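Here the structure is laid out as structure tokens; the discussion comes afterwards.
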Amino acid sequence: MKKTVFLASLLALTFTGCSNDYEMPNEQSQSDLIPISVKEMMEIPEGTRAAYTGNTPNATKPFHAYVLVSETNGDYSTLYQDTPGNTRYSVEWVSTNNTGFYEGVYYYPQKTSIMQSLYVCGFYPYSYSDGATTVGWAANGGIPTLTGGNSIVGTIDGKTDLLAAPQVQATVGIDGSVTQPTLTFAHLGTWLTIKVKAKTNRDKTATQWGKLKGIEVNSVLGKSIANKATLSLSTGTAVWNGTQTALPTFNSSDQPFNNAALDIPLEATEVSYVILPAFTSTQTNDFSLSVTTTKASVDKTTTIPVSLNTAANTAGKHITLTLSFGGEGELQILPSVAITKWTDENASADI
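Quick look at the structure:
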């Protein structure tokens, strides 16, 4: 699902609520500045889970993203300062105005005698850190750690969503007029939801398998999991790499689904989810799961290969996987897959 952010000029020379408010320097009067606000559309990406839950930002669960501004096209090694010595790295949306947009004042480019261009990009989530983060975007003390001025590395843990908006250009005219570019955030990874069911009879399934204990992903495209995304700030696209041996799946409380004692239901029931790297399906063993069941205090782990019936790239897609557990004497767990857009909950086409 996509998220849209607007940078628009504000005619009134007053401040609105923002987590990054600050006092203007005495030597620079407020009338010398053209305020630009950042407006965030009400719709928040579903499925962000641990990184963001729900669709209404407020003071206790804000939507907080990095938003970088530069005067150089495609180079964010030197960030724009809206006042001398003041560089902002992020925007946090905590409220909404009566037009349905989340809003907060952001940059204040000065009036000049020539037209001024600013280049803007964004990536989510924002995270404070005392050093390089192990999950989310690489940062130090909240300041993003860029490579070459145009890329940054993000790390997933199975429940942290990564989104990015490609660079757009804002132009401030000599008369103070400001363009209104749009930052469009898109999911970089793949949201996998896992459901389970008894194939025919719950009692016979229990006799065969016992209870469901846990599920994890142990490979993507037959290899270890590429858990790192190198993001191009200009294009908003990512190249995935890394060698994670496995990713846990998570229950509805965002806790690892690895120590349950679940009776396998007759109707398909969601038990866990995981956010995976994006990949282009080969239609053969696109990813595999380790499914652990327990019977009479003995654990059994079964590897389930899953293939998609399309060669599409899975970035921004929602895969719903249903595992059907066979009854007594049936040793198979059969996967069935449907793939939709991240938020298209009503789609049911089999892939």
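Numbering (this note's numbering), first residue to last: 1 to 351. C-beta atoms are modelled at their ideal positions from N, C-alpha and C, and glycine is treated no differently. Just so we're clear, the structure is a prediction, and the values are computed from it rather than from any experiment.
Worksheet item: Do the region 305-318 and the region 223-231 meet, that is, are 3 or more Cβ pairs less than 8 Å apart?
Response: no
Worksheet item: Thinking just about the alpha-carbon of each residue, which of Leu-276, Thr-190, Asn-259 and Trp-240 is nearest to the one in Ala-246?
Response: Leu-276
Worksheet entry | Collapsed DSSP secondary structure at Trp-352 in the structure displayed | Absent from the model: residue 352. The displayed extent of the chain is 1 to 351, so no value can be given.
Item to complete: Could you name the residues that DSSP lists as bridge partners for Ile-152?
Response: Leu-231
Worksheet entry | One or two residues paired with Ser-219 in a DSSP bridge | Ser-288
Discussion item. Can you tell me which residues form a DSSP beta bridge with Leu-68?
Written reply: Cys-121
Discussion item. Whole angstroms are fine: how far does the CA of Phe-287 sit from the CA of Leu-68?
Written reply: If you draw a straight line from the Cα of Leu-68 to the Cα of Phe-287, it is about 35 Å long.
Discussion item. Which same chain residues end up closer than 6 Å to Val-135 when comparing Cβ atoms and leaving out the 5 residues on each side of it in sequence?
Written reply: Thr-155, Asp-157 and Thr-160
Worksheet item: For Lys-195, which three-state DSSP category applies?
Response: strand
Discussion item. Quick check on this structure: which residue in Leu-162, Val-274 and Asn-309 has the alpha carbon closest to the alpha carbon of Val-239?
Written reply: Measuring from the Cα of Val-239, the nearest candidate turns out to be Leu-162.
Discussion item. Measuring straight from C-alpha to C-alpha, what distance separates Gly-74 and Ala-278?
Written reply: Those two C-alpha atoms are separated by around 24 Å.
Discussion item. Within 10 Å of its beta-carbon, does Ser-272 have 16 or more other beta-carbons around it, so buried, or fewer, so exposed?
Written reply: buried
Fill in: When Gln-244, Ser-77, Gly-327 and Asp-175 are compared against Gly-149, the one with the closest alpha-carbon
Each of Gln-244, Ser-77, Gly-327 and Asp-175 was checked against the Cα of Gly-149, and the nearest Cα belongs to Ser-77.
Practice prompt. Report all residues from its chain with a CB closer than 8 Å to the CB of Asn-259; omit the five preceding and five following residues, and keep chain order.
Written response: Lys-213 and Gly-214
Worksheet item: Does the beta-carbon of Leu-289 have 16 or more other beta-carbons within 10 angstroms, so that it is buried, or is it exposed?
Response: Buried: at least 16 other Cβ atoms inside 10 Å.
Worksheet item: Does the beta-carbon of Leu-334 have 16 or more other beta-carbons within 10 angstroms, so that it is buried, or is it exposed?
Response: exposed
Discussion item. Quick check: what's the CA-CA separation for Ala-170 versus Ile-264?
Written reply: 55 Å
Worksheet item: Helix, strand or coil: which one does DSSP assign to Asp-203?
Response: helix
Item to complete: Give the straight-line distance between the Cα atoms of Arg-88 and Thr-294, rounded to the nearest whole angstrom.
Response: 52 Å
Worksheet item: Val-172 lies in the beta strand (DSSP E); which residues open and close that run?
Response: 163-172
Discussion item. Measuring straight from C-alpha to C-alpha, what distance separates Ala-338 and His-64?
Written reply: 31 Å
Fill in: Residue interval of the beta strand (DSSP E) (run including Lys-159)
Unbroken run through Lys-159: none, as it is neither H nor E.
Fill in: Phe-185 in three-state terms, based on DSSP
strand
Discussion item. Less than 8 Å between the C-beta atoms of Thr-284 and Val-291, yes or no?
Written reply: no
Worksheet item: If you follow the beta strand (DSSP E) that Glu-270 is part of, which residue opens it and which one closes it?
Response: In this chain, the beta strand (DSSP E) harbouring Glu-270 covers 269-276.
Fill in: Own chain, CB closer than 6 Å to Ala-226, minus 5 neighbours either side, in chain order
Trp-240, Asn-241, Gly-242 and Pro-277
Practice prompt. Starting from the C-beta of Lys-300, find all residues in its chain whose C-beta is less than 6 Å away, skip the five residues before and the five after it, and write them out in chain order.
Written response: Thr-293
Worksheet item: What's the gap between the Cα of Thr-193 and the Cα of Ser-324?
Response: 14 Å
Fill in: Outcome for Glu-216 when other beta-carbon atoms lying within 10 angstroms are tallied against a minimum of 16
buried
Item to complete: Compute the Euclidean distance between the alpha carbons of Lys-195 and Tyr-124, then round it to the nearest angstrom.
Response: 28 Å
Practice prompt. Could you check if Thr-269 is buried or exposed, using at least 16 other CB atoms within 10 Å of its CB as the buried criterion?
Written response: exposed
Worksheet item: According to DSSP, what are the bridge partners of Val-239?
Response: Thr-230
Discussion item. Is it buried or exposed, Gly-236, if we count other Cβ atoms within 10 angstroms and call 16 or more buried?
Written reply: buried
Discussion item. Which of the three DSSP states is assigned to Ser-336 in this structure?
Written reply: strand
Worksheet entry | Limits of the beta strand (DSSP E) - the one that Asp-299 falls within | 298-306
Worksheet item: Among Leu-221, Gln-255, Pro-248 and Thr-184, which one has its Cα closest to the Cα of Leu-308?
Response: Leu-308 has its Cα closest to that of Leu-221, out of Leu-221, Gln-255, Pro-248 and Thr-184.
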